[in-house]
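K.L.:
Using our numbering, you'd call the opening residue of the sequence shown number 1109 and step up by one each time. Backbone N, C-alpha and C fix where the C-beta goes; we use that ideal spot for every residue, glycine too. Values in this document were obtained by computation on a predicted structure and should not be read as measured data.
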Amino acid sequence: MEESISLERAVELITGSAAPLGSEEITPSDSLGRVLARDVFAPIDQPPFSRSPLDGYAFRAADSAGASQDTPAVLTVVDTVFAGGWCGKTVGPGQAVRIMTGAPIPQGCDCVIRQEDTNQGAERVEIYQSLRPFENYCHRGEDFKRGEILLSAGAVLDGTALGVLASAGLFRDDVELSVRRVPRAALLCTGDELVENHVRPLPPGKIYSSNRACLWGRLTALGIPVVSAPTGCADEPEEIAAALRELAEVADVIITTGGVSVGARDAFHQALPLLGAERLFWRVRCKPGTPAMYAVCRGKPILCLSGNPFAASATFELLGRPLLAALAGRPSLCPLKAVGTLETDFPKGGGMRRFVRGCFREGRVALPQGHSPGQLRSAVGTNCLVELNGPAQAGERVTVYIL
Ligand code: AMP
Ligand code: MG
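1) Tell me the start and end of each unbroken alpha helix (DSSP H) in the segment 1259-1292 that is at least 4 residues and wholly inside, in chain order.
2) Which whole-angstrom value is the C-beta distance of L1496 and V1464, which I expect to be below 8 Å?
3) Report the three-state DSSP secondary structure of A1359 (helix, strand or coil).
4) By the three-class DSSP mapping on this structure, what secondary structure does W1324 have?
5) Less than 8 Å between the C-beta atoms of A1359 and R1406, yes or no?
6) Do K1408 and M1460 have their C-beta atoms closer together than 8 Å?
7) Tell me which residues share the same chain as Y1236 and place their Cβ nearer than 7 Å to its Cβ, disregarding the 5 neighbours each side in the sequence.
8) When the Cα atoms are used, what is the spatial distance from F1149 to T1268?
9) Under three-state DSSP, which class holds P1381?
10) My assumption, with CB atoms under 8 Å, is that A1379 sits in contact with S1336. Please give the rounded CB distance.
11) Under 8 Å, do T1398 and R1387 count as touching if we go by C-beta distance?
12) Note down, in chain order, each residue of its chain lying with its Cβ closer than 8 Å to the Cβ of S1318, except the 5 sequence neighbours on either side.
13) Which value, in whole angstroms, describes the spacing of the CA atoms of D1282 and L1273?
14) With a threshold of 8 Å on Cβ separation, who are the neighbours of A1500 within its own chain once the five nearest residues in sequence on each side are excluded?
15) Would you tell me roughly how many angstroms separate the C-alpha atoms of A1166 and G1249, rounded to the nearest one?
16) Between P1439 and the rest of its own chain, which residues show a CB-CB distance below 8 Å, the 5 nearest in sequence each way excluded?
17) Would you tell me roughly how many angstroms separate the C-alpha atoms of R1142 and A1446, rounded to the nearest one?
18) Straight-line CA distance for V1233 to A1145?
19) Can you give the Cα-Cα distance for C1219 and A1211, rounded to whole angstroms?
20) Could you tell me whether the segment 1367-1378 touches the segment 1325-1345, where touching means 3 or more Cβ pairs closer than 8 Å?
21) Can you find the residues in the same chain that come closer than 8 Å, C-beta to C-beta, to V1508, ignoring five residues on each side of it along the sequence?
22) Need the endpoints of the beta strand (DSSP E) that I1213 sits in, please.
23) Would you list the residues sitting across from G1164 in a DSSP beta bridge?
24) For N1203, which residues in the same chain have their Cβ closer than 7 Å to its Cβ, ignoring the five residues on either side in sequence?
25) Using 8 Å as the threshold, is the segment 1109-1129 in touch with the segment 1253-1264, meaning 3 or more CB pairs across them?
26) Does A1127 pass the burial test, meaning 16 or more other C-beta atoms within 10 Å, or should it be called exposed?
27) What's the gap between the Cα of C1217 and the Cα of D1171?
28) Please determine, among D1163, G1498, V1334, the residue with the shortest C-alpha to C-alpha distance to T1364.
29) For the alpha helix (DSSP H) that F1418 lies in, which residues bound it at each end?
30) Of all the options S1112, P1291, I1213, R1462, which has the alpha carbon lying nearest to the alpha carbon of K1197?
31) What three-state label does DSSP hand D1332 in the structure shown?
32) Give me the Cβ distance between L1427 and P1291, rounded to the nearest whole Å; I'm assuming they're in contact under 8 Å.
33) Between which two residues does the alpha helix (DSSP H) carrying V1119 extend?
Below, the structure written as structure tokens:
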């Protein structure tokens, strides 16, 4: 097991150990947000015919050679074609077809002029510009060609990708897409002091568990189903081991909070060996969340985070999301990094790499006032983690992890 490692090394150990989950077949209407496991090929050309990108006239470019406002080319209008229509004629020299956006370009034509650059004539049209061949001409298959890869394995099926499927005629219930399985997550919050919200009044020395709701919210927002989240667990190694064993039956990944520090009741140090889990690391050189621990038990990853609510939420973003990304085969599950200019001084010292919650907007980073790792409320409304390596002044450039 590795001790006290960098965040990057921790992520490397996590992603190196988390084998991507298998695949399953689903219909396109169920596939929003899923990751393709196999390439999808285009069964048709898109567009299926060469078409006009504007309202105007189609003709042979050679017929407009030398044309201008003062010396227009004059062409005979032999037909009109609308979007959805079809002009069966072959257009010859000296001829034009009135054409609307999206209409198929008739045989014989190799360009389209904007109607604003003509006299918009009905039987004869004056052309005021000289066009090059294939000007204003959308070629058949210019988006994709039949037989090409339409969407590659690894593509996320977002609205755009679903639109692409539909443009190829594949958004149908008789089409099966092979997609990566979504990791099923389980949550286990441990601590003798924790009680659930239905316990009222709060007994002396107890607190309400907030990590379960917080992490459930984050996982759900990321599209990761939480298949089990039992109400709390005491700081007892046997109890924790038994709970983990049960969760491993139903989940692909287990995230825990509490009990990983150096206190006398920090029970994960005994619980994981009871399970036969292999610990890959304990302690990461960052604040908050230093005591984070990671283990694998019969192929199932177990990420154990500090119980401190802000630490749990920050290390979920920094360690939990890369873990989920590896399992799901979806790198975009990791927080996006950006650089911004600090608007607030941050006086706290210490050499340790530190993450605080902030608001990132248009390149500027504001920090909430009075924020300390034990507090969750001041993080409400923030949208990023701000990386700091000691005291920092307004105006400094900082790295943010967008949540
Ligand atoms: P631990 O990681 O067990 O040492 O806990 C660190 C701090 O976080 C302690 O003050 C705990 O009471 C608190 N804590 C642990 N688990 C939770 C939880 N689920 N919800 C809220 N606070 C917690
Ligand atoms: Mg504890």
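P.N.:
Taking the structure as given:
1) Taking only runs of at least 4 residues, the alpha helix (DSSP H) segments lying wholly in the segment 1259-1292 are 1267-1275.
2) Yes, L1496 and V1464 are in contact; Cβ-Cβ is about 6 Å, under 8 Å.
3) The answer is coil: DSSP assigns A1359 none of H, G, I, E or B.
4) Helix.
5) No. Outside cutoff.
6) Annotated as distal: K1408 and M1460, with beta-carbon spacing of 8 Å or more.
7) A1175, S1176, Q1177, P1180, D1225, T1226.
8) Looking at the two C-alpha atoms, the distance is approximately 16 Å.
9) Helix at P1381.
10) With 8 Å as the limit, A1379 and S1336 do not qualify as a contact, their Cβ atoms being about 17 Å apart.
11) No. Outside cutoff.
12) In its chain, beyond the 5 residues on either side, P1417, L1484 have a beta carbon closer than 8 Å to the beta carbon of S1318.
13) Separation of D1282 and L1273 (C-alpha to C-alpha, rounded to the nearest whole angstrom) is 13 Å.
14) These residues qualify, in order along the chain: L1450, D1453, F1454, V1506.
15) Going from the Cα of A1166 to the Cα of G1249 covers about 19 Å.
16) Around P1439: A1433.
17) Each residue's alpha carbon lies about 25 Å from the other.
18) Between the alpha carbons of V1233 and A1145 lies a gap of roughly 54 Å.
19) Separation of C1219 and A1211 (C-alpha to C-alpha, rounded to the nearest whole angstrom) is 13 Å.
20) Cβ pair count under 8 Å is three or more, so yes.
21) If the five residues before and after V1508 are omitted, its C-beta is found closer than 8 Å to the C-beta atoms of K1445, A1446, V1447, G1448, G1466, F1468, V1473, C1492, L1493, V1494, E1495, all from its own chain and listed in chain order.
22) I1213 -> no beta strand (DSSP E), and no H or E assigned at all.
23) Beta-bridge partners of G1164 (DSSP): I1207, R1222.
24) For the record, residue 1203 in the displayed sequence is Gln; it is not Asn. If we look at Q1203 and ignore the five residues flanking it on each side, its Cβ neighbours are F1167, L1183, T1184, V1186.
25) Taking 8 Å as the limit for Cβ pairs, the verdict is that the segment 1253-1264 does not touch the segment 1109-1129.
26) Label assigned to A1127: exposed.
27) Spanning the two alpha carbons is a distance of roughly 10 Å.
28) The shortest C-alpha separation from T1364 is found at V1334.
29) Taken as a continuous stretch (DSSP letters only), the alpha helix (DSSP H) holding F1418 covers 1417-1423.
30) When the alpha-carbon of K1197 is set against those of S1112, P1291, I1213, R1462, the nearest one is in I1213.
31) Going by the sequence as given, residue 1332 is Ile instead of Asp. Coil, per DSSP.
32) Rounded to whole angstroms, the Cβ separation of L1427 and P1291 is 14 Å, and the two are not in contact under 8 Å.
33) Start and end: 1115-1125.
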